[in-house]
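Enquirer: Structure incoming, see below.
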Amino acid sequence: MILLKNILVLFTGSEELSGTDLLIDGTKISRIDDGIDPEKLGKPDIEVIDCSRWVILPGFVNTHHHFYQTLQRCVPEVQDSPLFDWLVTLYEIWKHLDEDSIYWSTLVACGELLKTGCTTSSDHLYVFPAGASSRFIDVEIEAASRIGIRFHPTRGSMSLGKDQGGLPPNEVVQLEDEILKDSERLIDEYHDPQTGSMLRIALAPCSPFSISERLLKETRELASRKGVLLHTHLAETEDENSYCLDTYGIRPVELMERCGWLGRDVWYAHGIHLNDAELEKLKATETGICHCPTSNMRLGAGRARVPEMLKMGVRVGLGVDGSASNDTSDMLAELRNCFLLQRLAGGSSAITTREVIGLATSGSADLLGRDDIGTIKEGMCADIVGIDISDISHAGSLHDYLASIVLCGSNHNVHLTIVNGKVVVRDGRLLTVDEDEVVRKANEAAKRIRDA
Ligand SMILES: [Zn+2]
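Below, the structure is given as structure tokens:
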């Protein structure tokens, strides 16, 4: 049992409470009340944590990432490139990925996510080089489990190499039957649909310009048969719109509609270059959008119209995207960048701090089909974050401590991260891995792949 005592501000998702206590029993939040007396609980091993200087809120949920890209941060050749050129250059590095690099990059990404308040993450792993291991997803599951994050890996794929009119080189695409077979294996082996699940698989062909229409349709069929979610990149750039118009004679959303890819079990990364009718279609079908503001600014891709989406009732969450286009896995920074980008484009009332926090918690949880995380309530999974606002970067923010977690702070490391009732980050340090070892091994892997 863990008792969070005397919480300065508790944001539950719908309420902001002050001075209250929160009790965790096993993997669940069991009680939220004033003055819970640990002596009266009859549990000698209860841990009591003083939260009188902390904002406590639901753990953030990250709905788009490419963990392996933590090994390609700041690559000089693509620092100033638009998406298609950026991809074409990086494919040449990614074709040397191996199990070791997947393992350590997963620990880097998840480590930074946990340290910046994220308790659940998806990952979109779509590069499976010819001749390399076919067990990349298995390896990242092993690493994510070791570090203790709630995990939604998506089985990505590319099947349309250069020779077939796609963007990626032939060495990083797979046969479609092989992709579908491995997708089914992963679902059968790992997918846990139960409440409180620590691991769910989704299926995620990479993007309209690296897969075929057949793969989209057959992946949809498999996802429906197995009851798993679908994910891909969509409407990230105008180049993608042009590719779809040239190749299929229709825009990306129409292509997705033709393949059965609209619905509550689908969420897309980006959703920038969408017209009004396409937004209406997303709303009508309850299709979700993961907003990735930092990546979109970094690549100059554009801005998703999030305030309009929220007004219309489109389902929206937040994601850091891969680290070759962010280049961090910093969830708190993602909240601030979302706030600032939307304000820059839409004016001073475009979005509020509470709306941004909502995107990163309940909004993102909903995209992943979860009603057991993303808010703080009795009976919910104990995924909780504590942010110390007593340091110099928060001084003077007493007027609105909850807003201060978006607007203030120069060090985005949270003080406390609890996942499924277990403390994973304490005093800003990861408890489940040796951080120095992770950094050393990741740097070795990054260099090996770069020099290959
Ligand atoms: Zn992405």
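Per the working numbering: the sequence shown = residues 242 to 693.
Glycine residues also receive a C-beta, built at the ideal position from the N, C-alpha and C atoms.
#1: Taking buried to mean at least 16 other C-beta atoms within 10 Å of its own C-beta, is residue 510 buried or exposed?
#2: Kindly indicate the opening and closing residues of the beta strand (DSSP E) around residue 509.
#3: Taking the alpha helix (DSSP H) that residue 548 belongs to, which residues open and close that run?
#4: Considering only residues of the region 273 to 327, which uninterrupted beta strand (DSSP E) runs meet the minimum length of 3 residues and lie entirely inside it, listed in chain order?
#5: Which complete beta strand (DSSP E) runs does the region 576 to 658 hold, if anything under 3 residues is left out?
#6: Any heavy atom of ligand 1 closer than 7 Å to the beta-carbon of residue 588?
#7: Per the DSSP calculation, residue 397 is bridged to which residue(s)?
#8: Does ligand 1 have even one heavy atom less than 7 Å from the beta-carbon of residue 305?
#9: Beta strand (DSSP E) containing residue 691: first to last residue?
#10: Residue 448 CB to nearest chain B CB: under 8 Å?
#11: Between residue 341 and residue 686, is the Cβ-Cβ spacing less than 8 Å?
#12: At which residues does the alpha helix (DSSP H) containing residue 349 begin and terminate?
#13: So who's on the other strand from residue 432, going by DSSP bridges?
#14: Note down the Cα distance separating residue 534 from residue 561, rounded to an integer number of angstroms.
#15: Could you give the C-beta distance for residue 520 and residue 549, rounded to a whole number, given that I count them as a contact under 8 Å?
#16: On the criterion of 16 or more Cβ atoms from any shown chain inside 10 Å, does residue 281 qualify as buried, or is it exposed?
#17: Count the CB pairs spanning the region 323 to 334 and the region 408 to 428 that are closer than 8 Å, and state whether there are at least three.
#18: Does residue 607 pass the burial test, meaning 16 or more other C-beta atoms within 10 Å, or should it be called exposed?
#19: Should residue 464 be counted as a contact of ligand 1 given a C-beta to heavy atom distance under 7 Å?
#20: Using CA coordinates, which residue listed in 513, 371, 465 is at the minimum distance from residue 474?
#21: Shortest alpha-carbon distance to residue 464 belongs to which of 615, 423, 489, 476?
#22: Residue 562: beta carbon under 7 Å from a heavy atom of ligand 1?
#23: Given residue 389, which residues of its chain have a CB within under 7 Å of its CB, disregarding the five upstream and five downstream residues?
#24: In the structure shown, what three-state DSSP assignment does residue 329 receive?
#25: Could you pull out every residue in the same chain whose Cβ sits closer than 7 Å to the Cβ of residue 583, ignoring the five residues on either side in sequence?
#26: Is any heavy atom of ligand 1 found at a distance shorter than 7 Å from the C-beta of residue 474?
#27: Distance check for residue 637 and residue 589, CA to CA, integer angstroms please.
#28: Verify whether the separation of the beta carbon atoms of residue 557 and residue 610 is less than 8 Å.
#29: Heavy atom of ligand 1 less than 7 Å from the Cβ of residue 350, yes or no?
#30: Assuming residue 393 contacts residue 441 (C-beta within less than 8 Å), just tell me the rounded distance between them.
#31: Report the rounded CA-to-CA distance for residue 657 versus residue 526, giving the unit in angstroms.
#32: Ignore the nearest five residues each way along the sequence and tell me which others in residue 574's own chain have a CB closer than 6 Å to its CB.
#33: So, is residue 304 buried or exposed, given that buried needs 16 or more other C-beta atoms within 10 angstroms?
#34: Inspect the beta-carbon positions of residue 346 and residue 354 and report whether they are closer than 8 Å.
#35: Is the beta carbon of residue 290 closer than 8 Å to that of residue 245?
#36: From the DSSP output, in three-state form, read off residue 478 for me.
Expert: According to the structure shown:
#1: Residue 510 counts as buried, since at least 16 other C-beta atoms from the protein chains shown sit within 10 angstroms of its C-beta.
#2: Residue 509 -> beta strand (DSSP E) spans 507 to 511.
#3: Residues 547 to 553.
#4: Whole beta strand (DSSP E) segments, 3+ residues: 288 to 291, 295 to 299, 301 to 303.
#5: Whole beta strand (DSSP E) segments, 3+ residues: 625 to 629.
#6: Checking every heavy atom of ligand 1 against the Cβ of residue 588, none is found closer than 7 Å.
#7: For residue 397, DSSP records a beta bridge to 445.
#8: Within the cutoff, so yes.
#9: Residue 691 -> not in any beta strand (DSSP E); alpha helix (DSSP H) instead, spanning 676 to 692.
#10: Given the protein chain composition of this structure (a single chain), no chain B is represented.
#11: Taking the C-beta atoms as reference points, residue 686 is found nearer than 8 Å to residue 341.
#12: Looking at the DSSP string, the run of the alpha helix (DSSP H) that includes residue 349 is 340 to 356.
#13: According to DSSP, residue 432 shares a beta bridge with no other residue.
#14: If you take the alpha carbons of residue 534 and residue 561, they lie about 8 Å apart.
#15: At roughly 7 Å, the Cβ-Cβ gap stays under 8 Å, so residue 520 and residue 549 are in contact.
#16: Around the beta carbon of residue 281, a 10 Å sphere encloses fewer than 16 other beta carbons of the protein chains shown; the residue is thus reported as exposed.
#17: Taking 8 Å as the limit for Cβ pairs, the verdict is that the region 408 to 428 does touch the region 323 to 334.
#18: By the neighbour-count criterion, in which a residue is buried when 16 or more other Cβ atoms sit within 10 angstroms of its Cβ, residue 607 is buried.
#19: No - ligand 1 has no heavy atom lying nearer than 7 Å to the Cβ of residue 464.
#20: Comparing alpha carbon positions, the residue from 513, 371, 465 closest to residue 474 is 513.
#21: Ranking the options by Cα distance to residue 464, first place goes to 423.
#22: At a threshold of 7 Å, residue 562 counts as near ligand 1, since its beta carbon sits closer than that to one of the ligand's heavy atoms.
#23: Sequence-distant partners of residue 389 (beyond 5 residues in either direction) whose C-beta falls short of 7 Å from its own C-beta, in its chain, are 660, 663, 665, 673.
#24: DSSP, read as helix, strand or coil, puts residue 329 in helix.
#25: The residues are 547, 548, 591, 592.
#26: Within the cutoff, so yes.
#27: CA-to-CA, the gap between residue 589 and residue 637 works out to about 22 Å.
#28: No.
#29: Set against 7 Å, the gap from the CB of residue 350 to the closest heavy atom of ligand 1 is not smaller.
#30: Between the beta-carbon of residue 393 and that of residue 441 there is about 5 Å, and that keeps the pair under the 8 Å contact cut.
#31: Each residue's Cα considered, the two are about 38 Å apart.
#32: Excluding positions up to five away in sequence, the list reads 653.
#33: Residue 304 is buried by the Cβ-count criterion.
#34: Residue 346 places its beta carbon 8 Å or farther from that of residue 354.
#35: In this structure, residue 290 lies closer than 8 Å to residue 245 by Cβ.
#36: In the structure shown, residue 478 adopts coil according to DSSP, grouped into three states.
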